[in-house]
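As given, the protein sequences belong to chains A and B, one line each in that order. Note that this note's numbering has the first sequence beginning at 1, numbered continuously upward. Note that this note's numbering has the second sequence beginning at 1, numbered continuously upward. Working notes, structure below.
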Amino acid sequence: MAGLSGSGNEGSRSQLLGAVGVVLLSLVTVYLPSAPQQAIAHVVRQSVLRPFTELHAFLAGMRARARDFEILRAQMDSAMGFVAAHATLAEENRQLREILLLGQRPSVRYLPTAIMRAGTSGTGSVFRVAAGTGQGVGPFNAVVTDLGLLGQVQQVQRDYALAIDWSHPEFRVSAMTSDGQNHGIIEPVRGRFREQDRLVLSGVDFLAELEPGTEVLTSGRGGAFPRGVRIGWVAGVAETLAGWSRSYYITPSVYPGAVTYAAITLPVAADSVDSATPEAPADAAAQGPP
Amino acid sequence: MTPRAAALVLGLVVAHLLLRVALGLGNGAPDFFLLAVLLGSRHMTPRSGAVLGFAVGLLEDAFSVSSFGATIFALTALGAAGAQSRYFFVGKSMSFLVSYLALGKWLRDLLSWLVSDPATRRAFGDYLLFESPLLALYTSVVGTVIALLVLKRSGRA
Numbered sequence: 001m002a003g004l005s006g007s008g009n010e011g012s013r014s015q016l017l018g019a020v021g022v023v024l025l026s027l028v029t030v031y032l033p034s035a036p037q038q039a040i041a042h043v044v045r046q047s048v049l050r051p052f053t054e055l056h057a058f059l060a061g062m063r064a065r066a067r068d069f070e071i072l073r074a075q076m077d078s079a080m081g082f083v084a085a086h087a088t089l090a091e092e093n094r095q096l097r098e099i100l101l102l103g104q105r106p107s108v109r110y111l112p113t114a115i116m117r118a119g120t121s122g123t124g125s126v127f128r129v130a131a132g133t134g135q136g137v138g139p140f141n142a143v144v145t146d147l148g149l150l151g152q153v154q155q156v157q158r159d160y161a162l163a164i165d166w167s168h169p170e171f172r173v174s175a176m177t178s179d180g181q182n183h184g185i186i187e188p189v190r191g192r193f194r195e196q197d198r199l200v201l202s203g204v205d206f207l208a209e210l211e212p213g214t215e216v217l218t219s220g221r222g223g224a225f226p227r228g229v230r231i232g233w234v235a236g237v238a239e240t241l242a243g244w245s246r247s248y249y250i251t252p253s254v255y256p257g258a259v260t261y262a263a264i265t266l267p268v269a270a271d272s273v274d275s276a277t278p279e280a281p282a283d284a285a286a287q288g289p290p
Numbered sequence: 001m002t003p004r005a006a007a008l009v010l011g012l013v014v015a016h017l018l019l020r021v022a023l024g025l026g027n028g029a030p031d032f033f034l035l036a037v038l039l040g041s042r043h044m045t046p047r048s049g050a051v052l053g054f055a056v057g058l059l060e061d062a063f064s065v066s067s068f069g070a071t072i073f074a075l076t077a078l079g080a081a082g083a084q085s086r087y088f089f090v091g092k093s094m095s096f097l098v099s100y101l102a103l104g105k106w107l108r109d110l111l112s113w114l115v116s117d118p119a120t121r122r123a124f125g126d127y128l129l130f131e132s133p134l135l136a137l138y139t140s141v142v143g144t145v146i147a148l149l150v151l152k153r154s155g156r157a
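Take a look at the structure:
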């Protein structure tokens, strides 16, 4: 056989067997349990790929620092206005809860983080956040922006984590309308050629007709997402199961491709000292509607 | 493998990581990983080609959450097949090079689609009958230009 030096047929057979062996080994990686897969990927990310992820983080930081000062000023003014307008809300809320004999609302801490998208194939709905177990991040923590819900953490390492945004096929979130009257589950529906990815709210009562523009928030059911984070707005009816339930298309409040910075929600245990301390103003700006 | 071919493979791998990971260009940047495997394996034995594909696929799948291993398998199989192809095709003509790279890209997408998680993979028609052929054309044009520029003296693409 041309191209192989020396031992002719025996050598070529050995080469072919070797190649088949490596191909079989590659097939094994597909069906490995999740934990070894994550361990292998982590080693690669922290070794060969690390200089490139560091470079990405550096460039993202440079771009953020070069952002128009006027835009940042306007965002800060809006945040200040929001905080000032809701200054007494927390106290009123506390008093009302006491009157109604309600317990403390579960407290949530927000951890700001930079976001990086790998750009490699098969990672279209996956992003890396620059915070991990060392900062208290755990699997299934929500990732939010000032506009609303972005996604959910999936795999966590010490210094970083991998998360999926709402366009990932495995993303699910329990949702409700802002008045708390209608509940359902939101999941993504992929459009043709990924150009029309959108969310669908399913399982809504058949008798409850939601008007377009109705705000939809996380309901907090299941505990993975904090209650009250904006997901989007009702765009129209997607499907009706006669007499049983309706599904609605939801216009998302956050477009994942445009996000470079976000915050991870970290649940704070109710009996901890932290839960009694007020949140910092910077955290409050990233919080959803009260 | 000639030093020129080795340098090409290394350069393509670094270019892919720079454009897609560091700069985050995604599909806007050509699939240099695939070109590294397809062009490099033509200068290797089947076993070495498979190992090259495995290593490059591992880099590509490092950020995958739900389909780890799909690209590793696809590129390993293509590395072995690419190396084996040199026993059947001399590969000096441009028409061969264009077809080889385009077919390689489409097969890479097909193989990774086949072993991906069915719950997360895209629709067959949209992805493999429309988007993938376009990307294959893009990849083959870029790959042909690179191969002609870098490997023209070595006598084998």
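Idealized CB from N, CA, C, for every residue including glycine. Source: prediction; values computed, not measured.
query: Does the beta-carbon distance from L39 of chain B to L8 of chain B come in below 8 Å?
result: Numbered from 1 along the second sequence, position 39 holds the residue referred to as residue 39 of chain B. Numbered from 1 along the second sequence, position 8 holds the residue referred to as residue 8 of chain B. Yes. Within cutoff.
query: Three-state secondary structure (DSSP) at P267 of chain A?
result: One-based indexing of the first sequence puts residue 267 of chain A at position 267. Strand, per DSSP.
task: Please state whether DSSP places E239 of chain A in a helix, a strand or coil.
output: By one-based count along the first sequence, residue 239 of chain A stands at place 239. Strand.
- prompt: Exposed or buried, which one is A280 of chain A when buried takes at least 16 other CB atoms within 10 Å?
  reply: Here residue 280 of chain A corresponds to residue number 280 of the first sequence, with the count starting at 1. Any reading at A280 of chain A must be qualified, since the residue scores a pLDDT of 43, below 50, and its modelled position is unreliable; the value itself is stated next. Of the other Cβ atoms in all chains shown, fewer than 16 fall within 10 Å of the Cβ of A280 of chain A; this residue is therefore exposed.
query: How is T144 of chain B classed by DSSP in three states: helix, strand or coil?
result: Position 144 of the second sequence holds residue 144 of chain B. It is helical.
query: Who are the Cβ neighbours of A263 of chain A in its own chain at under 8 Å, not counting the five residues just before and after it?
result: Within the first sequence, the letter at position 263 stands for residue 263 of chain A. Counting only Cβ-Cβ distances below 8 Å, and skipping sequence neighbours, we find Y110, L111, P112, T113, V143, V144, T145, D283 and A286.
- prompt: Helix, strand or coil: which one does DSSP assign to T218 of chain A?
  reply: By 1-based counting over the first sequence, the position of residue 218 of chain A is 218. T218 of chain A falls in the strand class under three-state DSSP.
field: Own chain partners of F124 of chain B with C-beta closer than 8 Å, once the 5 adjacent residues on each side are dropped
entry: Working through the second sequence from its first residue, we reach residue 124 of chain B at position 124. Excluding residues within five positions, the ones whose Cβ falls inside 8 Å are W113.
- prompt: Where L55 of chain A and R73 of chain A are concerned, what is the direct C-alpha to C-alpha distance, given to the nearest angstrom?
  reply: As a first step, residue 55 of chain A is located in the first sequence; it is residue number 55 there, counting from the start. As a first step, residue 73 of chain A is located in the first sequence; it is residue number 73 there, counting from the start. Distance between the alpha carbons of L55 of chain A and R73 of chain A: 28 Å.
- prompt: Which chain E residues are close to A119 of chain B, counting only those with a beta carbon under 8 Å from its beta carbon?
  reply: Among the chains of the structure shown, chain E does not appear; the protein chains present are A and B.
- prompt: Mind checking if L199 of chain A is an interface residue toward chain B, Cβ cutoff 8 Å exclusive?
  reply: Residue numbering aside, residue 199 of chain A sits at position 199 when the first sequence is read from its first letter. Chain B, which has no Cβ nearer than 8 Å to the Cβ of L199 of chain A, makes this no.
query: Mapping DSSP to helix, strand and coil, what is D61 of chain B?
result: As a working note, residue 61 of chain B is residue 61 in the second sequence. D61 of chain B falls in the helix class under three-state DSSP.
query: Of the choices A:P212, A:Y261 and A:A87, whose alpha-carbon is the least far from that of G291 of chain A?
result: This structure gives no information on residue 291 of chain A, because the portion of chain A shown stretches from 1 to 290.
query: Which value, in whole angstroms, describes the spacing of the CA atoms of H16 of chain B and F32 of chain B?
result: Position 16 of the second sequence, counting from 1, holds the residue named residue 16 of chain B. Position 32 of the second sequence, counting from 1, holds the residue named residue 32 of chain B. Near 5 Å, if we compare the C-alpha coordinates of F32 of chain B and H16 of chain B.
query: From L25 of chain B to F58 of chain A, what distance separates their C-alpha atoms?
result: Counting from 1 along the second sequence, the entry for residue 25 of chain B is found at position 25. Counting from 1 along the first sequence, the entry for residue 58 of chain A is found at position 58. Computed Cα separation, rounded: 16 Å.
task: Below 8 Å on the Cβ atoms is my guess for A208 of chain A versus Y160 of chain A; work out the distance and round it to an integer in Å.
output: Indexing the first sequence from 1 puts residue 208 of chain A at position 208. Indexing the first sequence from 1 puts residue 160 of chain A at position 160. At roughly 41 Å, the Cβ-Cβ gap does not stay under 8 Å, so A208 of chain A and Y160 of chain A are not in contact.
query: Relative to the ligand FAD, is the shortest distance from any of its heavy atoms to the C-beta of A131 of chain A smaller than 7 Å?
result: As presented, the structure is devoid of all ligands, the ligand FAD included, so that no description of it is given.
- prompt: Any Cβ of chain A within less than 8 Å of the Cβ of V21 of chain B?
  reply: Translated into positions along the second sequence, residue 21 of chain B becomes position 21. At least one chain A Cβ lies under 8 Å of V21 of chain B.
message: Using 8 Å as the cut-off, can you tell me whether the stretch 167-184 of chain A makes contact with the stretch 201-221 of chain A, which would need three or more C-beta pairs spanning the two stretches below that distance?
response: The answer is yes - the stretch 201-221 of chain A touches the stretch 167-184 of chain A, with three or more Cβ pairs under 8 Å.
query: Quick one: what does DSSP say Q15 of chain A is sitting in, helix, strand or coil?
result: Against the first sequence, residue 15 of chain A aligns to sequence position 15. Of the three classes helix, strand and coil, the one that applies to Q15 of chain A here is helix, per DSSP.
- prompt: What residues in the stretch 57-74 of chain B bring their beta carbon closer than 9 Å to a beta carbon of chain A?
  reply: G57, L58, L59, E60, D61, A62, F63, S64, V65, S66, S67, F68, G69, A70, T71, I72, F73 and A74
- request: With DSSP collapsed to three states, give me the class of V204 of chain A.
  value: Here residue 204 of chain A refers to the residue found at position 204 of the first sequence. Strand.
message: For E131 of chain B, list the residues DSSP reports as bridge partners.
response: Residue 131 of chain B sits at position 131 when you count from the first residue of the second sequence. E131 of chain B pairs with nothing; no bridge assigned.
query: Is it right to say M116 of chain A is buried, meaning 16 or more other beta carbons lie within 10 angstroms of its own, or is it exposed?
result: For the purposes of this step, residue 116 of chain A is taken as residue 116 along the first sequence, with counting starting at 1. Buried, since its Cβ has 16 or more Cβ neighbours within 10 Å.
- request: Could you tell me which uninterrupted alpha helix (DSSP H) segments, each at least 4 residues in length, are contained entirely in the stretch 79-114 of chain A, listed from first to last along the chain?
  value: 89-99
field: Sequence-distant residues of its chain with Cβ nearer than 7 Å to Q84 of chain B (five each side left out)
entry: As a working note, residue 84 of chain B is residue 84 in the second sequence. The residues are P46.
field: Chain-ordered chain B contacts of H56 of chain A [CB-CB under 9 Å]
entry: Residue numbering aside, residue 56 of chain A sits at position 56 when the first sequence is read from its first letter. The answer, in chain order, is V21, A22, L23 and G24.
query: Taking Cβ positions only, does A50 of chain B come closer than 8 Å to chain A?
result: Against the second sequence, residue 50 of chain B aligns to sequence position 50. Interface residue, yes.
task: Check whether the Cβ atoms of V126 of chain A and P139 of chain A sit closer than 8 Å, and answer yes or no.
output: Position 126 of the first sequence, counted from the first residue, corresponds to residue 126 of chain A. Position 139 of the first sequence, counted from the first residue, corresponds to residue 139 of chain A. No.
field: Stretch pair the stretch 103-120 of chain B + the stretch 68-75 of chain B: three plus CB contacts closer than 8 Å
entry: At 8 Å Cβ cutoff, the stretches touch.
task: Note down, in chain order, every chain A residue with its Cβ under 7 Å from the Cβ of A36 of chain B.
output: On the second sequence, residue 36 of chain B is found 36 positions in, with the first residue counted as 1. Per Cβ cutoff of 7 Å: no residues; A36 of chain B is ~14 Å from chain A at best.
N-terminal and C-terminal residue of the beta strand (DSSP E) that E187 of chain A is part of: Residue numbering aside, residue 187 of chain A sits at position 187 when the first sequence is read from its first letter. Run containing E187 of chain A: H183 to V189, per the beta strand (DSSP E) assignment.
query: How is Y218 of chain B classed by DSSP in three states: helix, strand or coil?
result: In this structure chain B extends from 1 to 157, so residue 218 of chain B is not present and cannot be described.
message: Less than 7 Å between C-beta atoms, sequence neighbours within five positions excluded: which residues of the same chain meet that for L95 of chain B?
response: By one-based count along the second sequence, residue 95 of chain B stands at place 95. Checking the sequence shown, residue 95 of chain B turns out to be Ser, not Leu. So no residue of the chain qualifies.
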